[in-house]
Amino acid sequence: MTISLKSPAPSGSAPVRRRHLTGTTLKWIYLGIGLLATLVPFLWMVSGSFRTEKDLYGNPASLIPSSPFLHGYTDVWSQLPFGRLFLNSVIFTVVTTLLTLFFDSMCAYALARIRFKGRNVVFIIIIATLMIPFQVTLVPVFDELYHFGWLNTYQGLIIPRATSAFGIFLFRQFFIDIPPELDEAARVDGANHWTIYSRLILPQAKPAIATVALMNGMNLWNDLLWPLVVSSSTEMQTLPAGLTLFGGQHVTDHAVLLAGSTMSMIPIALLFFFLQKYFVAGIATTGLK
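Residue 240 in UniProt numbering sits at position 240 of the sequence shown, with consecutive numbering throughout.
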């Protein structure tokens, strides 16, 4: 019996090049589909903010206005206290995010760097709260705020959202990778836990800080349910809650609604643009553990 052995194809042969070309083509097709699925709704929203109701209903699939119309951008300022709503959104988002970073990082430091009985049980309970929807706790929290007299106030808007189980999880995953020898060296020099946390651990957690800040900031800025429940006056409402006033029962001014939504996206887009480097580093670092 004769056995014929074929020599392996060289790396630069035609079949290898065809497989490489096919793989590259499929990769660009997948990326193109993902890009279209992401950008088309955003482009439709921006385009709709420049269109009239007649143009919008006459040709809803088009992304190009037949005649650009600035009615939406002028009326969003004249029909709503847009500046007040914007200021409320900034206060709600910035203050709550800063409190979240402070409380979450302190809790994560205790779970990651301090050995105490029941530490893992506490961490499991915190992680388990991620499975409880916010709507489940909405009524008890609202009742507490009512008895405190905090409804329609900044403290009622901010305090119940000042901690995040996801932020604690992300900070803990980052802190446990920092060598414990740093803590021991600091203790030898007389440092206490606050000094180690504030001067040694936290400065090394910039990617985790940026990730938690960006994700919390984005969720808070776009949050509709909580500000709508807590605030009862236009002076205390945020942008998403204020924009619901344009959605009538029978008639909705889509141009004004889409113009307000487009303008409300600008701050969060700028935040992502400036923090994207730290955001990717934070996700990549914590995802490897």
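Positions of the beta carbon are idealized from the N, C-alpha and C atoms, including for glycine.
Could you tell me if I176 is buried or exposed, where buried requires 16 or more neighbouring beta carbons within 10 angstroms of its beta carbon?
-> exposed
Less than 8 Å separating the beta-carbons of L99 and A162?
-> yes
Whose CA, out of M265, N152, D253, I168, lies closest to the CA of I124?
-> I168
Measure from the alpha carbon of I158 to the alpha carbon of each residue in K277, H193, W226, G149, then state which is nearest.
-> W226
Keeping to the same chain, check which residues put their C-beta closer than 7 Å to that of G156; ignore five residues upstream and five downstream.
-> L145, W150, V230
Beta-carbon spacing of I178, L101 below 8 Å | no
DSSP three-state call for P267: helix, strand or coil?
-> helix
Under three-state DSSP, which class holds S231?
-> coil
Going straight from the alpha carbon of V94 to that of Y73, what length do you get?
-> 25 Å
My understanding is that A205 touches H71, with C-beta atoms under 8 Å, so please give their C-beta distance in whole angstroms.
-> Incorrect: roughly 47 Å between the Cβ atoms, too far for contact.
For the alpha helix (DSSP H) that P160 lies in, which residues bound it at each end?
-> First-last for P160: undefined, no H or E at that position.
Check the C-beta distance from L202 over to T97 and give it rounded, since I have them as a contact under 8 Å.
-> Not quite, the Cβ-Cβ distance comes to about 16 Å (not below 8 Å), so this is no contact.
Is it the case that the Cβ atoms of residue 294 and F92 are separated by a distance below 8 Å?
-> Nothing can be reported for residue 294, as the shown portion of the chain is limited to 1 through 289.
Going by the CB atoms, is the gap between M45 and T244 shorter than 8 Å?
-> no
In angstroms with no decimal places, state the Cα-to-Cα distance between I268 and M218.
-> 6 Å
Mapping DSSP to helix, strand and coil, what is Q237?
-> coil
Top-ranked residue by Cα proximity to residue 294, from F274, L26, F166 = Since the first and last residues shown for the chain are 1 and 289, residue 294 lies out of range.
Is the distance from the Cβ of residue 296 to the Cβ of R113 below 8 Å?
-> Absent from the structure is residue 296, since the part of the chain shown begins at 1 and ends at 289.
Three-state class that DSSP yields for Q79 in the structure shown = coil
So M45 is in the alpha helix (DSSP H); what residue range does that whole segment cover?
-> 14-48
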